[in-house]
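If you use my numbering, the sequence shown corresponds to residues 1 to 264, in order. We put the beta carbon where it would ideally sit given N, CA and C, even for glycine. Note that the coordinates shown come from a computational prediction; the quantities given were computed from them, not determined experimentally. Right, one structure below, let's go through it.
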Amino acid sequence: MLQKVRQQQMIRQQKEVYGRMLRNIGEYSLLMRRVFTKPQRWSMFFRRLIDEIMLLGVNSIWIVLIISFFMGTVITIQLAINMSNPLIPRFTIGYATREIVLLEFSSSIMCLILAGKIGSSIASELGTMRVTEQIDALEVMGINSANFLILPKIVGLLLFIPVLSVLSMCISIVGAFLATLVIPDMTTSDLEYGMQLFFKPYNVYYSLIKSAVYAFIITSGSSYFGYTVRGGALSVGKASTNAVVTSSVLILLADVLLTNLLLI
1 MLQKVRQQQM
11 IRQQKEVYGR
21 MLRNIGEYSL
31 LMRRVFTKPQ
41 RWSMFFRRLI
51 DEIMLLGVNS
61 IWIVLIISFF
71 MGTVITIQLA
81 INMSNPLIPR
91 FTIGYATREI
101 VLLEFSSSIM
111 CLILAGKIGS
121 SIASELGTMR
131 VTEQIDALEV
141 MGINSANFLI
151 LPKIVGLLLF
161 IPVLSVLSMC
171 ISIVGAFLAT
181 LVIPDMTTSD
191 LEYGMQLFFK
201 PYNVYYSLIK
211 SAVYAFIITS
221 GSSYFGYTVR
231 GGALSVGKAS
241 TNAVVTSSVL
251 ILLADVLLTN
261 LLLI
């Protein structure tokens, strides 16, 4: 009898989870339908677009530069330590560093980091506006609040994410070259030769495409969690956490799918 009750509870919990997932997907789809409509005033849209580019993109440059520099240095040092076999040419360290930076770090890892900074910021901003009834005030004035608030964020990060991705690539490579100062028997000429060996320009485009997809995931997902906050100030913090966690999981899932679609 007890086992039957537990099974019924598990079935009920699974139904609740699936129902919540379907509800979230439906609400997200309806919200995106409202977001991607023609702005009512283009001058206001472009003004907000510039503000969002500065807030989400330009203000994120510092964290991208710092993390990219140290990650490029650490990747090179770690490869040099683990590829110390004399049968392995030293220039392979530069080749491996370049492939790691271009294919994964400057797109996937960087956007995972930005999901924590940008995602929580968007969810907190929109959640606070919802709790303080600012969004309701926009709706009363006849303004499409979803389009007015969310579309500039999505477009702004989509436009600026290639800049962040290219900066991450360049600074990571600079960090890799500085790592040669502490690696014995490793010269900058060996690293430079490895960096240029079998270079494929397509890998840069591949990284930019992935970054654009991740930017959309971060902005749209975080906006959904912030825009649909229900409750008080405590719900804003919960929405911010959900935005970061969900964006990170979706980025990893998209990484697997895009790798299979674009590289294989």
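Residue i classed as buried or exposed, judged by whether at least 16 other C-beta atoms fall within 10 angstroms
i	result
Met-129	buried
Pro-152	buried
Ser-168	buried
Ala-137	exposed
Lys-210	buried
Phe-198	exposed
Glu-52	buried
Three-state class that DSSP yields for residue i in the structure shown
i	result
Met-83	coil
Arg-12	helix
Met-71	helix
Val-35	helix
Gln-78	helix
Val-256	helix
Reference residue i, options the options, closest by Cα
i	options	result
Gln-40	Gly-142, Ser-29, Met-10 and Pro-184	Gly-142
Ser-145	Arg-90, Thr-37 and Thr-188	Thr-37
Leu-257	Ala-239, Tyr-214, Phe-199 and Ser-220	Tyr-214
Ala-80	Arg-34, Ser-165, Leu-158 and Phe-177	Phe-177
Asn-85	Tyr-227, Asp-185 and Ser-121	Asp-185
Leu-30	Val-163, Tyr-224 and Leu-262	Tyr-224
Val-35	Asn-147, Val-155, Phe-216 and Thr-188	Asn-147
Arg-90	Ala-243, Arg-48 and Leu-191	Leu-191
Ser-240	Phe-45, Asn-203, Val-182 and Ile-122	Ile-122
Leu-114	Ser-248, Gln-78 and Asn-203	Ser-248
Ile-251	Thr-187, Ala-212, Leu-262 and Gln-196	Ala-212
Gly-116	Leu-126, Ile-171 and Thr-246	Thr-246
Straight-line Cα distance separating residue j from residue i
i	j	result
Phe-160	Gly-119	15 Å
Ile-25	Gly-237	21 Å
Asp-255	Ser-108	7 Å
Val-64	Arg-12	44 Å
Gln-94	Met-110	With the sequence shown as reference, residue 94 is identified as Gly, and Gln is not the correct amino acid for it. Whole-angstrom Cα-Cα distance: 20 Å.
In the region 110-174, which residue ranges form an unbroken alpha helix (DSSP H) of at least 4 residues, counting only runs that do not cross its ends? 110-114, 120-131 and 134-140
At which residue ranges does the region 201-248 contain complete alpha helix (DSSP H) runs of 4 or more residues, listed in the order of the chain? 202-227
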